[in-house]
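Enquirer:
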Amino acid sequence: MYTLLLAVLVLTAVLLVGAVLLQAGTGGGLAAMGGGASTDTFLGGRQAATILTKSTWWLGGIFLGLSLILAGLSTRSSAPRSVLEGEQTVPVPIAPPPQLPLDVEPAEQPPPQPN
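Counting in this note's numbering, the sequence shown runs from 3 upward without gaps.
(1) Express the C-alpha separation of M3 and T58 in angstroms, rounding to a whole number.
(2) Straight-line CA distance for A15 to F65?
(3) Tell me whether A21 is buried or exposed, calling it buried when 16 or more other Cβ atoms sit within 10 Å of its Cβ.
(4) Just how far apart, CA to CA, sit L24 and I53?
(5) Would L102 be called buried (16 or more neighbouring beta carbons within 10 Å of its own) or exposed?
(6) For A51, which of helix, strand or coil comes out of DSSP?
(7) Can you tell me the Cβ-Cβ gap for L7 and L61, rounded? I've got them flagged as a contact below 8 Å.
(8) Which residues mark the beginning and the end of the alpha helix (DSSP H) in which V16 is found?
Written out as structure tokens, the structure reads:
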């Protein structure tokens with residue numbers, strides 16, 4: 003189910019990119035909010051809704067809905083969410099380092115020479 007929804011999401015994303023790129027640009031964009039567009043463009047009436055405009059809205063809604071559904075499904079995995087919830091194994095004890103023999107005598111040092 004998750005894989006099928008993910009494939010539909012990718013297909014929707016590709017169609018949405020195509021629908022947005024095929025639309026004619028109005029020339030306003032963000033410049034209209036900063037004063038870069040004329041008053042009639044900024045305060046003008048709505049344009050007629052074309053099939054590309056409607057498809058962009060529908061595909062955007064489908065993309066958003068599928069994204070939310072997939073986000074909800076991905077949090078319900080069977081893997082533990084925390085290290086503390088997982089299986090804890092008993093650590094294997096490490097062998098102690100070998101002990102030095104106690105009967106070792108220090109090496110003889112040459113006597114100090116007088117100056």
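Glycine is no exception: its CB is placed at the ideal position from the N, C-alpha and C atoms.
Expert: Considering the structure as presented:
(1) 25 Å
(2) 7 Å
(3) buried
(4) 11 Å
(5) exposed
(6) coil
(7) That belief does not hold up - the Cβ atoms of L7 and L61 are roughly 15 Å apart, past 8 Å.
(8) Y4 to L24
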